[in-house]
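S.K.: Residue numbers (this note's numbering): 920 to 1064.
Just so you know, even glycine gets a beta-carbon here, dropped at the ideal spot from N, CA and C.
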């Protein structure tokens, strides 16, 4: 090529077209609560008031999900952006079936219109939220397959 500036411009344009696509990571699969080590537990005890354990999440290729924690089983549809996973719950039930028929626990079965949001961090999904008394809670899930 006779003109190095034209050649450089072509390389920059091609690099921008193919190098900055911002593709979403492959999210489908199973996730479970991240198993911490001693250093991570020490860090968490300083930064967070508590963290969630015993959660599993199954993201299916048809954009449905099943989220199970210690007390609830939730189903719905998931969507993702480059850095966030959104879970829109459409069904929410207690794992202990008899609680699903007790009016005492109706408020716990109420489906929030706002989706559950996780930040995508490689093979990890992470969310931080507050409970009713403003405790800072971490939920971190790790992809298992």
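Around the Cβ of residue 970, are there at least 16 other Cβ atoms within 10 angstroms (buried) or fewer (exposed)?
M.R.: So residue 970 counts as buried.
S.K.: Measuring alpha carbon to alpha carbon, tell me which of 955, 991, 1058 and 968 ends up nearest residue 1013.
M.R.: Nearest option by C-alpha distance: 991.
S.K.: Given a threshold of 16 other Cβ atoms within 10 Å of its Cβ, counted over all protein chains shown, does residue 1006 qualify as buried or as exposed?
M.R.: Looking at its Cβ environment, which holds 16 or more other Cβ atoms inside 10 Å, residue 1006 is buried.
S.K.: Classify residue 1058: buried if its beta carbon has 16 or more other beta carbons within 10 angstroms, exposed otherwise.
M.R.: So residue 1058 counts as buried.
S.K.: If we count Cβ pairs, one from each stretch, closer than 8 angstroms, do we get three or more for the segment 972-982 versus the segment 945-956?
M.R.: Result yes; three or more Cβ-Cβ pairs closer than 8 angstroms.
S.K.: What three-state label does DSSP hand residue 950 in the structure shown?
M.R.: Three-state DSSP puts residue 950 in a strand.
S.K.: Mapping the DSSP letters down to three states, classify residue 966 as helix, strand or coil.
M.R.: Three-state result, residue 966: helix.
S.K.: According to the neighbour-count rule (16 or more other Cβ atoms, all chains shown, within 10 Å of its Cβ), is residue 1041 buried or exposed?
M.R.: The residue in question, residue 1041, is exposed, as its Cβ has fewer than 16 Cβ neighbours within 10 Å.
S.K.: Classify residue 972 as helix, strand or coil using the three-state DSSP reduction.
M.R.: Reduced to three states, the DSSP call for residue 972 is coil.
S.K.: On the DSSP letters alone, give me the boundaries of the alpha helix (DSSP H) that residue 1024 sits inside.
M.R.: No alpha helix (DSSP H) holds residue 1024; DSSP gives it neither H nor E.
S.K.: Nearest to residue 989 by CA position, among 1015, 996 and 981, is which residue?
M.R.: The shortest C-alpha separation from residue 989 is found at 1015.
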